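Per the working numbering, the very first residue in the sequence shown carries number 1457; after that it's consecutive. Ideal placement from N, C-alpha and C gives every residue a C-beta, glycine not left out. From a predicted model like this one, the values you see are computed outputs, not experimental measurements. Below is one structure, written out as structure tokens; comments come after it.
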Amino acid sequence: MLRNDPASPDPRRWAMFSILLVGAFLPPLDFFIINVALPSIRTDLGASSSAEQLVISSYAGLYAVTLITGGRLGDLFGRGRVFFLGLIGFATASMLCGFANSPWTLIVGRALQGVTAAIMAPQALASIQAIFPEAEKPRALSLYGAVFGLAAVVGQALGGVLISLNLLNLGWRTIFLVNLPLAILVVLFGVPLLKETRAQHARKLDLGGTALSMLTLGALIVPLIEGREAGWPVWAWVSLIAVPALAGFFWRYERRLGSRGGAPLLDPAALRAPGLGRALLIALLLYAIGAFFLLFSVYLQNALHVDALSAGLVFLSFGLGFLFGPLSTPFCARLIGAYVNPFGIGLEVAGLVGLAWLIDATPAGMPLASVPLAVALFVIGFGQGLALPTLMRMVTGRVAPALSGMIAGIASSTLQVSTSLSVAIIGGIFYTVLGTRQDPAAIAHAFVVALLSMALFLAVGAALGISLARAPTAPSANRAARASAPSGTRP
């Protein structure tokens, strides 16, 4: 077992980390890549609009509700072992999707992708706390954030390219089957390389807490994803109303388990770390931009009549910004210190407002000026790329490394909940403003209102980031976090 000993870091830590980063790359890749394939899937499988929605939501929903459990599994059974288990499961689910012969087979495959991705994804973030000395953690987190930008670049363009190439006459199926050779290579090279890390004195998994957490998050996520599409039926409202009661029951269960000396899935003691609550609230606001990709695609294709491949290529400047943002984090940190996160969120606000102005100033139905559009998208992506890795360090750096898997799962799950809230709230604003009109002017106006709504939520997140940057320094926060580690566990 590899201990978190900054004095003697493992010489293979960067090679190990590169293997684990595949687990951070594949989930967002499969989130982005599916969008351009939906028309082909509809034609080939005869999928209805509700089935199309389930192809997306089954993945996103189960990914969100399983992330905390996935992080905890790595703490308990070893992050390398759990990573490979998740990777093999993800490849198997991708194969099921790639050879699906009906909409429901594809939906089941996507659901399995979501679960296995959530088992795989938290291990890279949690391992940063375990295998890197403090001086190297900012660089590792920057690379972790850059992977999301790379996934955005590849996902938006690769789907359209693969479908256009129609390799072996497989069409849309190649967007899933492309995961198989990558998974095989990672297993072949990674198994002999990856050294195990886990929380010491690991105890059995909190099955009751796991079930309650999935039930609580599911009661929140499922109606948010499916409610508007289904016309907000009674079951959606009942589910949302039940969330506070379920969350309270889950919290009381975890507190009782912790007080009896058990190992709760969500350790209440860890959540008392200074500033952690505000950091998680910033995470909840950060992905207010989650609806941006869906709504911008609607604007491009329905108002400007851009084809799917060209629409995907428009996002490249956003993806490049998202790629370079994390790589610039160490430089920005030397200039503005702890304010990198609110500065990044502020750039997103500026980019969203600039894009709203550009759309409003362009005659309805006319293409946007390419250079200002690319600049606005790059600024949004660059800001997100700065904000995300620094936020993750703000979250995971406030607890003991033994609990980093749990906190990584909580942070990632919070971001997924934020995405679902964004789609439900910002998407609801967009379609409410749009009403029954479908002309380019109406779509442009609704999209401008949605962009300004995103900017408002992100501005609140930036203000919270400024207040957190002024809070006690990271060392004192880390001491408090270490003090909150349960007895029987240590780095």
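Nearest-angstrom Cα distance between residue i and residue j?
| i | j | result |
| --- | --- | --- |
| G1601 | M1848 | 9 Å |
| R1854 | I1738 | 15 Å |
| L1914 | S1878 | 11 Å |
| R1469 | L1702 | 40 Å |
| P1819 | S1909 | 22 Å |
| P1896 | L1890 | 10 Å |
| R1893 | A1692 | 26 Å |
| F1555 | L1476 | 27 Å |
| A1729 | G1781 | 28 Å |
| P1437 | G1530 | The shown model of the chain, from 1457 to 1947, leaves out residue 1437, and the question about it has no answer. |
| P1467 | T1653 | 15 Å |
| L1552 | G1565 | 5 Å |
| A1480 | L1581 | 8 Å |
| A1825 | L1614 | 24 Å |
| P1947 | G1733 | Below a pLDDT of 50, predicted positions are generally treated as unreliable, and P1947, at 28, falls in that range; no measurement from the model is reported. |
| F1752 | F1886 | 11 Å |
| L1649 | L1541 | 16 Å |
| N1557 | L1501 | 7 Å |
| I1619 | L1626 | 8 Å |
| V1904 | I1815 | 7 Å |
| G1683 | G1664 | 28 Å |
| V1647 | T1888 | 51 Å |
| T1522 | L1661 | 14 Å |
| P1828 | W1707 | 48 Å |
| L1458 | V1642 | Note that L1458 has pLDDT 42, beneath the 50 cutoff, so the model's placement of it is unreliable and no number is given. |
| T1672 | S1583 | 27 Å |
| V1851 | I1922 | 15 Å |
| S1932 | G1731 | For S1932, the pLDDT reaches just 39, beneath the cut-off of 50, and the residue's location in the model is therefore unreliable, although a value from the coordinates is still provided. Cα-Cα distance, rounded: 11 Å. |
| V1694 | I1640 | 44 Å |
| P1689 | A1759 | 30 Å |
| A1735 | G1526 | 21 Å |
| L1624 | G1616 | 16 Å |
| A1806 | V1835 | 8 Å |
The alpha helix (DSSP H) that contains residue i, what's its start and end?
| i | result |
| --- | --- |
| N1797 | 1796-1817 |
| T1852 | 1826-1852 |
| V1643 | 1635-1646 |
| M1472 | 1469-1489 |
| G1775 | 1772-1783 |
| R1498 | 1494-1501 |
| A1586 | 1578-1587 |
Just checking residue i against the ligand GTP - is the residue's beta carbon closer than 7 Å to any of the ligand's heavy atoms?
| i | result |
| --- | --- |
| V1851 | The ligand GTP is absent from the structure shown, which contains no ligand whatsoever. |
Take residue i as the anchor and find which of the options has the nearest alpha-carbon.
| i | options | result |
| --- | --- | --- |
| L1741 | L1829, S1868, T1561 | S1868 |
| A1911 | E1804, G1821, L1833 | E1804 |
| L1422 | T1785, M1822, D1531, L1833 | Nothing in the structure corresponds to residue 1422, since the chain is present only between 1457 and 1947. |
| F1705 | L1668, G1683, G1717, A1725 | L1668 |
| N1491 | G1664, G1883, I1631 | I1631 |
| G1474 | R1595, V1521, F1488 | Sequence check: residue 1474 is Ser here, not Gly. Per the Cα distances, R1595. |
| N1797 | A1919, G1536, A1582 | A1919 |
| S1513 | L1562, F1539, V1610, A1586 | L1562 |
| A1906 | L1621, G1917, I1881, R1926 | I1881 |
| P1589 | P1465, V1762, F1774 | P1465 |
| A1925 | G1821, G1793, V1827, L1736 | G1793 |
| I1489 | S1550, G1536, A1471 | S1550 |
| G1517 | A1789, T1666, Q1872 | Q1872 |
| K1651 | I1524, I1677, R1535, A1574 | R1535 |
| P1559 | G1545, S1496, A1902 | S1496 |
| I1524 | T1548, A1898, L1721 | L1721 |
| T1572 | S1598, L1543, Y1755 | L1543 |
| L1844 | S1784, D1723, L1772 | S1784 |
| L1636 | V1916, A1547, F1778 | A1547 |
| G1821 | G1674, W1688, V1762 | V1762 |
| G1775 | Q1840, G1810, A1503, S1598 | Q1840 |
| I1863 | Q1585, T1499, E1508, P1483 | Q1585 |
| T1846 | A1639, A1567, T1870, K1593 | K1593 |
| M1472 | P1786, F1539, L1676 | F1539 |
| A1607 | P1484, L1532, N1758, L1680 | P1484 |
| S1773 | F1749, G1714, A1830 | A1830 |
Ranges of the alpha helix (DSSP H) found wholly within the stretch 1530-1565, counting only runs of at least 4:
1535-1554
3 or more residues per run - each beta strand (DSSP E) lying fully within the stretch 1687-1766:
none
Could I get the ranges of all uninterrupted alpha helix (DSSP H) runs contained in the stretch 1864-1932, with 4 residues as the minimum, in chain order?
1896-1925
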